[in-house]
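Numbering (my numbering), first residue to last: 4 to 147. All C-beta atoms in this analysis are idealised placements derived from N, C-alpha and C, irrespective of residue type, glycine included. On a predicted model such as this, the values are computed, not experimentally measured, just so you know. A short write-up of the structure that comes next.
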């Protein structure tokens with residue numbers, strides 16, 4: 004979540020706060036009074052925060068909703084049939100299956116690319132300099 008520079012800055016800020024807190028008690032009274040006065044002046048000059056305006060968003064309620072009184076259901080009516088439970092899981096299963104198929108297809112494509120490179124190497128279709136070049140993959144892409 005957080006990167007190393009942010010963590011270092013956070014630790015540095017904590018060290019500064021800790022040092023300021025430790026030395027705050029040893030400040031002379033005149034310094035404390037001057038700091039308090041400067042804080043009051045800064046707060047007086049602070050710009051007011053922007054007012055938050057509420058926006059109206061219409062909401063449609065179903066005809067059998069709580070607007071027409073509480074709906075009483077028996078425990079037998081509250082039970083969900085197994086087919087309906089399966090239908091609720093169907094989109095999740097389709098998503099997981101789709102991701103698995105995409106991963107499998109990508110793996111096949113990568114294996115085919117590697118097989119082409121291996122076949123070209125085994126057939127000696129490449130010059131000797133291609134094996135010594137650091138841009139070997141770039142050479143193969145230009146040769147096609």
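So, for residue i: in the same chain, excluding its five sequence neighbours on each side, which residues have a beta-carbon less than 7 Å away from its beta-carbon?
i           : result
residue 19  : none
residue 138 : none
residue 37  : none
Would you give the residue range spanned by the alpha helix (DSSP H) that residue i belongs to?
i          : result
residue 30 : Taken as a continuous stretch (DSSP letters only), residue 30 belongs to no alpha helix (DSSP H), as it is neither H nor E.
residue 89 : 85-125
Tell me which same chain residues have a C-beta within less than 8 Å of the C-beta of residue i, skipping the five on either side of it?
i           : result
residue 171 : In this structure the chain extends from 4 to 147, so residue 171 is not present and cannot be described.
Taking 6 Å as the limit between beta carbons, can you name the residues of its chain near residue i, skipping five residues before and five after?
i          : result
residue 55 : none
Which word fits residue i, buried or exposed, when buried means at least 16 other C-beta atoms lie within 10 angstroms of its C-beta?
i          : result
residue 22 : exposed
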